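Residue numbers (this note's numbering), protein chains in the order written: chain A, 2 to 213; chain B, 2 to 213.
Cβ atoms here follow ideal geometry from the backbone N, Cα and C, with glycine treated the same way.
Computed from a predicted model, the values in this text were never measured in an experiment.
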């Protein structure tokens, strides 16, 4: 199958949603689905679906629809789920510990390899068999273990300095939960989960509604 | 000051970021800033900034720039930060507990009023002085206490049913951490934090880079 690459960020952001819905269809033993029906479930138009899925190959068949298992497998592959990733968590506070314990990661084959913190009281404690290490050993760990993804759960004031250490030692991606934006060299993937920003979107919309 | 309403979702999503950067400027004792300089800090163009801020009033002055404190106060107001919100957490698992303990909420004046769970072992335990209640009492609590925002941290399979209970009892907004999309009646604000979708965006981009 010929793959057309250079998928836009907008499509990439929709792919996990396709993956979720197709996984549900497989669990419900649905073998094939039309773009129209898939669209109705996901909340996209049929033409949006066809356009998105066309971006990375010729999946559908006119009059037959999509083979659910094939499409799921292809999207899993494009999402990089057929590979392993070394993942570390930095900051073993509330959010860091919750993510270390988050069982949904395992169902996708994601394992946390190491956790780092600055607090001597936490260093040495294990979360699900993964030991919390001294953040002073972060640089050598990243370099020696070829870590791909760092989950950054440190306070905002510490985030840029930890980010610099990660960048200098060859990190490939940072999943940032700190409530700041990070400066990183080109080529490092940054994905922010700005919780407060998300909550403020809600309060803004609630406020708008009341004022109207 | 005349306010122009009907702000687009795209602008609403950028507002918390403006709020964050303006807060930093105030802490750094910066009194005024041009759209150009603000743009450079935030990573938007000056014309984008002017266009965004024009949406809800005439903030800037030609040749003077923005008064940082005024703009911050106005944006705080538009974000609904001058009001109080009754907030509950449903699901006291890893993510629910982490959010109940998340100190950043307090700095924005957000308090959690109640936590609910289905697990008898958790019911009665307190997190930061907020008791975990039996989820069977959720419906009456929402109705009687005029709760605005529910933070949904239950497993995916339970999310829709809890969401229905919330909707039937007059919830105004749901901040959804469950890894599913929810069907809600019109008029209820839904904001999703789909953690796995966010992580899969990272693996997709890492995978794309390796294949190129």
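| For residue 91 of chain A versus residue 11 of chain A, is the C-beta distance shorter than 8 Å? | Stepping through the first chain from its first residue, residue 91 of chain A is reached at position 90. Stepping through the first chain from its first residue, residue 11 of chain A is reached at position 10. It is not a contact, given that the beta carbons lie outside the stated cut-off.
| message | If we define contact as Cβ-Cβ less than 8 Å, is residue 144 of chain A a contact residue for chain B? | response | What you label residue 144 of chain A is simply residue 143 of the first chain in a count that begins at 1. Judged by the 8 Å Cβ criterion, residue 144 of chain A is not in contact with chain B.
| message | If you measure between the beta carbons of residue 113 of chain A and residue 89 of chain A, is that distance less than 8 Å? | response | Stepping through the first chain from its first residue, residue 113 of chain A is reached at position 112. Stepping through the first chain from its first residue, residue 89 of chain A is reached at position 88. Yes, the pair counts as a contact, with Cβ atoms nearer than the cut-off.
| said: Would residue 199 of chain B and residue 194 of chain A be called neighbours here (beta carbons separated by less than 8 Å)? | reply: Working through the second chain from its first residue, we reach residue 199 of chain B at position 198. Working through the first chain from its first residue, we reach residue 194 of chain A at position 193. Yes.
| Can the beta-carbon of residue 13 of chain A be found less than 8 Å from the beta-carbon of residue 202 of chain B? | As a first step, residue 13 of chain A is located in the first chain; it is residue number 12 there, counting from the start. As a first step, residue 202 of chain B is located in the second chain; it is residue number 201 there, counting from the start. In this structure, residue 202 of chain B lies closer than 8 Å to residue 13 of chain A by Cβ.
| What does DSSP give as the partner residues of residue 118 of chain B in its beta bridges? | Translated into the one-based positions of the second chain, residue 118 of chain B becomes position 117. Its beta-bridge partners are B/135.
| request: Compare the C-alpha of residue 32 of chain B against each of B/70, B/20, B/174, B/55 and name the closest. | output: Sequence index remark: in the second chain, residue 32 of chain B carries index 31 (1-based). Checking every option, the nearest Cα to that of residue 32 of chain B belongs to B/70.
| said: For residue 192 of chain A, which residues in the same chain have their Cβ closer than 8 Å to its Cβ, ignoring the five residues on either side in sequence? | reply: Residue numbering aside, residue 192 of chain A sits at position 191 when the first chain is read from its first letter. Cβ within range, chain order: 174, 175, 176, 177.
| Do you know offhand how far residue 126 of chain B's Cα is from residue 111 of chain A's? | Residue numbering aside, residue 126 of chain B sits at position 125 when the second chain is read from its first letter. Residue numbering aside, residue 111 of chain A sits at position 110 when the first chain is read from its first letter. When rounded, the distance between both Cα atoms is 31 Å.
| task | Note down the Cα distance separating residue 146 of chain B from residue 167 of chain A, rounded to an integer number of angstroms. | result | The residue given as residue 146 of chain B occupies position 145 in the second chain. The residue given as residue 167 of chain A occupies position 166 in the first chain. Each residue's Cα considered, the two are about 46 Å apart.
| query | Taking the Cβ atom as the reference point for each residue, do residue 1 of chain A and residue 142 of chain B lie within a distance shorter than 8 Å? | reply | This structure leaves residue 1 of chain A out entirely; chain A is present only between 2 and 213.
| message | What does the Cβ neighbour count give for residue 52 of chain A, buried or exposed, with the cut at 16 atoms within 10 Å? | response | Along the first chain, read from residue 1 onward, the residue named residue 52 of chain A stands at position 51. By the 10 Å Cβ count, residue 52 of chain A comes out exposed.
| Candidates B/44, B/73, B/197, of which the one nearest residue 27 of chain B by Cα | Translated into positions along the second chain, residue 27 of chain B becomes position 26. Of the candidates B/44, B/73, B/197, the one whose C-alpha sits nearest the C-alpha of residue 27 of chain B is B/73.
| field | Candidates B/106, B/16, B/64: closest to residue 43 of chain B by CA position | value | Along the second chain, one-based indexing puts residue 43 of chain B at 42. Per the Cα distances, B/16.
| Short CB-CB distance (under 8 Å) between residue 3 of chain A and chain B | Position 2 of the first chain, counted from the first residue, corresponds to residue 3 of chain A. In this predicted model, residue 3 of chain A has a pLDDT of only 41, less than 50, meaning its place in the structure is not dependable enough to derive any value.
| How long is the line joining the alpha carbons of residue 135 of chain B and residue 116 of chain B, rounded to whole angstroms? | As a working note, residue 135 of chain B is residue 134 in the second chain. As a working note, residue 116 of chain B is residue 115 in the second chain. For residue 135 of chain B and residue 116 of chain B, the distance between alpha carbons rounds to 9 Å.
| field | Positions along the region 158-181 of chain A whose CB lies within less than 9 Å of some CB in chain B | value | 173, 174, 175, 176, 180, 181
| query | Is DSSP giving residue 153 of chain B helix, strand or coil here? | reply | Along the second chain, one-based indexing puts residue 153 of chain B at 152. Residue 153 of chain B falls in the strand class under three-state DSSP.
| Going along chain B in order, which residues have a C-beta closer than 7 Å to the C-beta of residue 102 of chain A? | Within the first chain, residue 102 of chain A is the residue found at index 101, counting from 1. What residue 102 of chain A touches in chain B: 95.
| Same chain only: Cβ atoms within 8 Å of residue 38 of chain A, ignoring 5 sequence neighbours per side | By 1-based counting over the first chain, the position of residue 38 of chain A is 37. Excluding residues within five positions, the ones whose Cβ falls inside 8 Å are 66.
| field | Residue environment, residue 36 of chain B, which counts as buried when at least 16 other CB atoms sit within 10 Å | value | Locating residue 36 of chain B in the second chain gives position 35, counting from the first residue. Under this definition residue 36 of chain B is a buried residue.
| query | Starting from residue 30 of chain B and walking both ways along the alpha helix (DSSP H), at which residues does that stretch end? | reply | Position 29 of the second chain, counted from the start, is the residue given in the question as residue 30 of chain B. First-last for residue 30 of chain B: undefined, no H or E at that position.
| field | residue 50 of chain B: first and last residue of the uninterrupted alpha helix (DSSP H) it sits in | value | Along the second chain, read from residue 1 onward, the residue named residue 50 of chain B stands at position 49. Element bounds for residue 50 of chain B: 47-55.
| Interface residues of the region 74-88 of chain A facing chain B [CB-CB below 7 Å] | 79, 80, 81, 82, 84, 86
| task | Kindly indicate which three-state DSSP category residue 181 of chain B falls into: helix, strand or coil? | result | The sequence position of residue 181 of chain B within the second chain is 180, counting from 1. Coil at residue 181 of chain B, not helix or strand.
| query | Whose Cβ in chain A lies nearer than 7 Å to the Cβ of residue 205 of chain B? | reply | Along the second chain, one-based indexing puts residue 205 of chain B at 204. Neighbours of residue 205 of chain B on chain A, chain order: 13, 16, 79, 80, 81.
| field | Run of the alpha helix (DSSP H) containing residue 95 of chain B, from where it starts to where it stops | value | For this step, residue 95 of chain B is matched to residue 94 along the second chain. Unbroken alpha helix (DSSP H) run through residue 95 of chain B: 95-101.
| query | Taking the C-alpha atoms as reference points, what is the distance between residue 25 of chain B and residue 137 of chain B? | reply | Start at 1 with the first residue of the second chain, and residue 25 of chain B comes out as number 24. Start at 1 with the first residue of the second chain, and residue 137 of chain B comes out as number 136. Approximately 43 Å between the Cα atoms of the pair.
| query | Closer than 9 Å, Cβ to any Cβ of chain B: which residues of the region 27-46 of chain A, in chain order? | reply | 43, 44
| query | Does residue 72 of chain A have its Cβ less than 8 Å from a Cβ in chain B? | reply | To locate residue 72 of chain A, count along the first chain from 1; it is residue 71. Chain B, which has no Cβ nearer than 8 Å to the Cβ of residue 72 of chain A, makes this no.
| request: Run down chain A in chain order and give the residues with a C-beta less than 7 Å from the C-beta of residue 109 of chain B. | output: Residue numbering aside, residue 109 of chain B sits at position 108 when the second chain is read from its first letter. Chain A residues near residue 109 of chain B: 197.
| Below 8 Å between beta carbons: does that hold for residue 164 of chain B and residue 94 of chain B? | The count along the second chain starts at 1 and reaches residue 164 of chain B at position 163. The count along the second chain starts at 1 and reaches residue 94 of chain B at position 93. No, the pair does not count as a contact, with Cβ atoms beyond the cut-off.
| Whose C-alpha, out of B/130, B/171, B/180, B/209, is nearest the C-alpha of residue 158 of chain B? | Sequence index remark: in the second chain, residue 158 of chain B carries index 157 (1-based). Comparing Cα positions, the closest option is B/180.
| query | Any idea if residue 55 of chain B is buried or exposed, counting beta-carbon neighbours within 10 angstroms, 16 or more meaning buried? | reply | Taking the second chain and counting its residues from 1, one reaches residue 55 of chain B at position 54. With fewer than 16 Cβ atoms within 10 Å of its Cβ, residue 55 of chain B is classed as exposed.
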